[in-house]
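Residue numbers (this note's numbering), protein chains in the order written: chain A, 14 to 585; chain B, 16 to 250. Just so you know, even glycine gets a beta-carbon here, dropped at the ideal spot from N, CA and C. Data first, discussion second: the structure below is written as structure tokens.
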Amino acid sequence: MQIKENSKEYDVIIVGSGAGGGMATKVLSEAGLSVAIVEAGPFYDPANPDQMTQMKWPYDSPRRGAGTTRAFGDFDQAYGGWEIEGEPYSQVDDSEFRWFRSRMLGGRTNHWGRISLRFGPDDFRKKSIDGLGEDWPISYDDIKPYYDKVDKLIGVFGSKENLPNDPDGFFLPPPKPRLHELFYIKGARKSNVKVMPSRLSILTKRINNDRGVCFYCRQCARSCMTYADFSSGSCLIFPAQKSGGQIDMYVNAMVRTVLTNEEGKATGVSYIDKEDKKEYKLKGKVVVLAASACSSARILLNSKSKQHPNGLGNSSDVVGKYLHDSTGGGRMAFIPDLIDRKIYNEDGVGGMHVYSPWWLDNKKLNFPRGYHIEVWGGMGAPSYGTGFNVNDFNKFFGLPVGGYGDLLRKDMRKYYGSLVGMDGRGESIAMKSNYCEIDPNQVDEFGVPTLRFKYKWSEHEVNQAKHMQDTFEEIIHNMGAIPLGNKADKSSNFGLTKPGEIIHEVGTTRMGKDPKNSVVNEFEQLHDVSNVFVVDAGPFVSQADKNPTWTIMALAWRSSDYIIEQFKKQNF
Amino acid sequence: MDRRDSIKSIMLGSIGFGVLFEGCSTGVSSEEVKKAISKFQYGRTKKELAYDKKLFSVKCFNDKELKTIKQLCNLILPPNEFGSIEDAEVPELIEFMAKDIPSYEAPIKEGLSLLNEVSNKKHQKSFFECEENQQKTFLNEMAYPDPELSSSEQKKEVKWFSLMRNLTMTGYYTSKVGIEELGYVGNTPNVWDGVPQDVLDQYGLSYDKDWIDKCIDQSKRNDTAVWDEEGNLIT
Numbered sequence: 014m015q016i017k018e019n020s021k022e023y024d025v026i027i028v029g030s031g032a033g034g035g036m037a038t039k040v041l042s043e044a045g046l047s048v049a050i051v052e053a054g055p056f057y058d059p060a061n062p063d064q065m066t067q068m069k070w071p072y073d074s075p076r077r078g079a080g081t082t083r084a085f086g087d088f089d090q091a092y093g094g095w096e097i098e099g100e101p102y103s104q105v106d107d108s109e110f111r112w113f114r115s116r117m118l119g120g121r122t123n124h125w126g127r128i129s130l131r132f133g134p135d136d137f138r139k140k141s142i143d144g145l146g147e148d149w150p151i152s153y154d155d156i157k158p159y160y161d162k163v164d165k166l167i168g169v170f171g172s173k174e175n176l177p178n179d180p181d182g183f184f185l186p187p188p189k190p191r192l193h194e195l196f197y198i199k200g201a202r203k204s205n206v207k208v209m210p211s212r213l214s215i216l217t218k219r220i221n222n223d224r225g226v227c228f229y230c231r232q233c234a235r236s237c238m239t240y241a242d243f244s245s246g247s248c249l250i251f252p253a254q255k256s257g258g259q260i261d262m263y264v265n266a267m268v269r270t271v272l273t274n275e276e277g278k279a280t281g282v283s284y285i286d287k288e289d290k291k292e293y294k295l296k297g298k299v300v301v302l303a304a305s306a307c308s309s310a311r312i313l314l315n316s317k318s319k320q321h322p323n324g325l326g327n328s329s330d331v332v333g334k335y336l337h338d339s340t341g342g343g344r345m346a347f348i349p350d351l352i353d354r355k356i357y358n359e360d361g362v363g364g365m366h367v368y369s370p371w372w373l374d375n376k377k378l379n380f381p382r383g384y385h386i387e388v389w390g391g392m393g394a395p396s397y398g399t400g401f402n403v404n405d406f407n408k409f410f411g412l413p414v415g416g417y418g419d420l421l422r423k424d425m426r427k428y429y430g431s432l433v434g435m436d437g438r439g440e441s442i443a444m445k446s447n448y449c450e451i452d453p454n455q456v457d458e459f460g461v462p463t464l465r466f467k468y469k470w471s472e473h474e475v476n477q478a479k480h481m482q483d484t485f486e487e488i489i490h491n492m493g494a495i496p497l498g499n500k501a502d503k504s505s506n507f508g509l510t511k512p513g514e515i516i517h518e519v520g521t522t523r524m525g526k527d528p529k530n531s532v533v534n535e536f537e538q539l540h541d542v543s544n545v546f547v548v549d550a551g552p553f554v555s556q557a558d559k560n561p562t563w564t565i566m567a568l569a570w571r572s573s574d575y576i577i578e579q580f581k582k583q584n585f
Numbered sequence: 016m017d018r019r020d021s022i023k024s025i026m027l028g029s030i031g032f033g034v035l036f037e038g039c040s041t042g043v044s045s046e047e048v049k050k051a052i053s054k055f056q057y058g059r060t061k062k063e064l065a066y067d068k069k070l071f072s073v074k075c076f077n078d079k080e081l082k083t084i085k086q087l088c089n090l091i092l093p094p095n096e097f098g099s100i101e102d103a104e105v106p107e108l109i110e111f112m113a114k115d116i117p118s119y120e121a122p123i124k125e126g127l128s129l130l131n132e133v134s135n136k137k138h139q140k141s142f143f144e145c146e147e148n149q150q151k152t153f154l155n156e157m158a159y160p161d162p163e164l165s166s167s168e169q170k171k172e173v174k175w176f177s178l179m180r181n182l183t184m185t186g187y188y189t190s191k192v193g194i195e196e197l198g199y200v201g202n203t204p205n206v207w208d209g210v211p212q213d214v215l216d217q218y219g220l221s222y223d224k225d226w227i228d229k230c231i232d233q234s235k236r237n238d239t240a241v242w243d244e245e246g247n248l249i250t
């Protein structure tokens, strides 16, 4: 195959444009370094009318928002999903890891839930607390200044609560709770579950003149045309371009390998242009991988050479290992008080206005790590699926279910907005036996070897999921609601989601002091190759009961500062 | 809606784009396809647009089936002052979904054909040609699931009718007329400032002072945020 080579040598090549890649682009380009972003999907701007789905009505789509073409409905802004045609992945034995990929500029930051939680001091030293997993090589104090900077740069609403392991930050004020959230507050307090304003990166207040202020349409999953929510394009990459950064963008470019020289140092990357299917080479002094935890691991494992026979940065044999996702569990309930409720606009922000951080002490429980509770419900916009089983709740009142005619419209109106749901999102234990690796028998449509997964939950996660179900049931009871469906039991692992399904996969290139059992150092620099960094969630040693994005960005900023320092010292 | 919440109302996985339409006929003119597709304007990718065009270029239901669907939908939700099944383009949605979610196609067709079969046997005419009271007699047999059984344990015709009822309901209530009838007033720029007082009063609820003091003062939403060193907002 003919390989086309670009003669320009960049200071830094950044692979991937999500939270980590976007942050590296902003910090490195603003320091005057020349940057190439290599993104596997197309260019995307939430303000581009041709790509916009925000403020559309269900009838603007022939499938009314059904999830056939996009996993979370066809207005959701993630190009990709659980399965991507031509880009398969496989499993070892009966493993069922689910891998969500979004191929577009900004990656998954365009549709994510914007839940922006800092890790707390204990989250960096879990092994010291419960003997499981590993401690991070850094502490909360090392990363705190970067969390502060991320808060101020991007904007996050929340409230000062002085909780020991859920540190406060530089918050914008939160929105007032919705009605079903007031019911939740009542129920949670009765159950002695802490409840407080949620912390989401949505602008309830202006932070600069380049971005708008939230206008409360509840559609952050469609990415905001006024840039009032965080996405990597609107908040990091476009501002970096605007401030004059030397940034070249290579889109629809699937990176195959990191290229290395005789000394084993990286010299750039090779990628396949998805349009012409040809292979190209880019030269760079430093390569920053931010392709997502599993994709970056795949690139490293596929970058074999004489100097790196086990894949790049993999002398420890740890690349791909310690893969872990958040645990998940949920329960829906029906609030009889909300029958025939008054209808008004309660869209609010694109997510919950209240939530429960982890509130218990694991020493008194039969599982080691915590979870937080997310709340949803209320009078949402109709979408495909609205009106299904319209009067199932009639059974709670001994009334006939089903039927036809005008009674259905009455039931539709009667039960509209009476649902509430709770989702637990918890910390799992990182284990060496859960991993991704290269499948020796499969390549994708570009000829690049694909990943296969092996992942099994342990008793810790199952016990935690049981605790979630018990808690949900108690809160539902205490808020005067009726739980729906059967309570998940042992036969279904107590409703524990499949690994990968919460889309918080982390840990595949974990950080550590010892090159024998970790892949990168505290600055996310490969132990084996000094000019290659990984700034996605791969370096996470443990994932806390917090969503990973805020920590990805704080670490990416810290590592970028280190890269700039090394450039100044002429180490690259 | 949170992206993971929406999965609950959608309840579908993603499928490949390489679907074959068994039992569907081609022969839709490119002019008709163009007309159908141009009604729907939102940020689709090129690949998604091509897939939608492909769906519009084949017909799933023949005229008789469509007439049956229309009549059935009209019985499920009769027209009222807000609009009708036709205004809500419910039959068009059912035609589209039967191709978009291929597992719908065979059961829908089978049910339609069975319905006409029993109708022919009893009244020597197709379902849609029957009198309304005759049609309703058929519906009465299918419209009421046994509350003791789970949805998968229901009789076949009950399951089929539930599917048709679900598609009719969702088609109507995701249409312009249906949304207006339901009274949903969102999807428009606004400033959320809490639950209206009369609604709080109705449920005997109130906001805690401590909580509300932390919340956004909407009169200052456009003042650029400035914090002191401790992270206290001072604007």
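In this structure, residue 253/A sits away from residue 562/A, with a CB-CB distance that is not shorter than 8 Å. DSSP lists 346/A as the beta-bridge partner residues of residue 496/A.
Within the same chain, 90 come within 8 Å of residue 151/B by CB-CB distance, once the 5 residues on both sides are set aside.
Minimum Cα-Cα distance from residue 197/B among the listed residues 416/A, 354/A, 156/A and 35/A corresponds to 354/A. For residue 230/A, same chain residues with a beta-carbon under 8 Å away, outside a window of 5 residues either side, are 67, 68, 360 and 363 in chain order. A contact is defined here as three or more CB-CB pairs under 8 Å, and the segment 148-164 of chain A meets this definition with respect to the segment 515-529 of chain A. Chain-ordered, the chain A residues with CB closer than 8 Å to the CB of residue 235/B read 218.
In this structure, DSSP gives residue 60/B a state outside helix and strand, which the three-state scheme calls coil. For residue 241/B, the number of other beta carbons within 10 angstroms of its own is below 16, and it is reported as exposed. A distance below 6 Å between beta-carbons, with the five flanking residues on each side excluded, links residue 143/A to the following residues of its chain, in chain order: 381. Of the candidates 79/A, 58/A and 441/A, the residue whose Cα lies closest to the Cα of residue 396/A is 79/A. Non-local beta-carbon contacts of residue 501/A in its own chain, meaning distances under 6 Å to residues more than five positions away in sequence, involve 482, 507 and 508 in chain order.
In the three-state reduction of the DSSP assignment, residue 286/A falls in the strand class. Taking C-beta atoms under 8 Å as the contact rule, residue 436/A and residue 343/A qualify, at a distance of about 4 Å. Among the CB atoms of chain B, one or more fall inside 8 Å of the CB of residue 195/A. Shortest Cα-Cα distance from residue 226/A to any of 258/A, 131/A and 170/A involves 170/A.
At a cut-off of 8 Å between beta-carbon atoms, residue 135/B makes no contact with chain A. According to DSSP, residue 231/A shares a beta bridge with no other residue. Against chain A, the CB of residue 212/B has no partner CB under 8 Å away; the residue lies outside that interface. Among the CB atoms of chain B, one or more fall inside 8 Å of the CB of residue 189/A.
At a cut-off of 8 Å between beta carbons, residue 60/A makes no contact with chain B.
In chain order, 345, 346 and 347 place their CB closer than 7 Å to the CB of residue 497/A, counting only its own chain and leaving out the 5 sequence neighbours on each side. Under a 10 Å Cβ-count criterion, residue 218/A is classified as buried, with 16 or more other Cβ atoms of the shown protein chains found around its own Cβ. Here the C-alpha atom of residue 208/A lies approximately 43 Å from the C-alpha atom of residue 264/A. A check of alpha carbon separations from residue 158/B across 467/A, 492/A and 403/A identifies 403/A as the nearest. Among the residues facing chain B, residue 65/A is included, as its CB has a counterpart in that chain under 8 Å away. Residue pairing of residue 23/A in beta bridges, as defined by DSSP: 297/A. Within 10 angstroms of the beta-carbon of residue 56/B lie fewer than 16 other beta-carbons, which makes it exposed.
Cβ proximity to chain A below 7 Å picks out 55, 56, 57, 58, 60, 63, 66 and 67 from the segment 43-73 of chain B. Listed along chain A are 218, 219, 220, 221 and 222, each with a C-beta nearer than 9 Å to that of residue 239/B. Within the segment 60-128 of chain B, the complete alpha helix (DSSP H) runs of at least 4 residues fall at 61-71, 78-91 and 105-115. A direct Cα-Cα distance of roughly 51 Å separates residue 119/A from residue 130/B. Ranked by Cα distance from residue 124/A, the first of 103/A, 94/A and 130/A is 94/A. The segment 164-176 of chain B makes no contact with the segment 308-316 of chain A; the number of CB pairs closer than 8 Å stays below 3.
With 16 or more other Cβ atoms from the protein chains shown falling within 10 Å of its own Cβ, residue 134/B counts as buried.
Under the Cβ criterion of 8 Å, residue 82/A is counted among the residues facing chain B.
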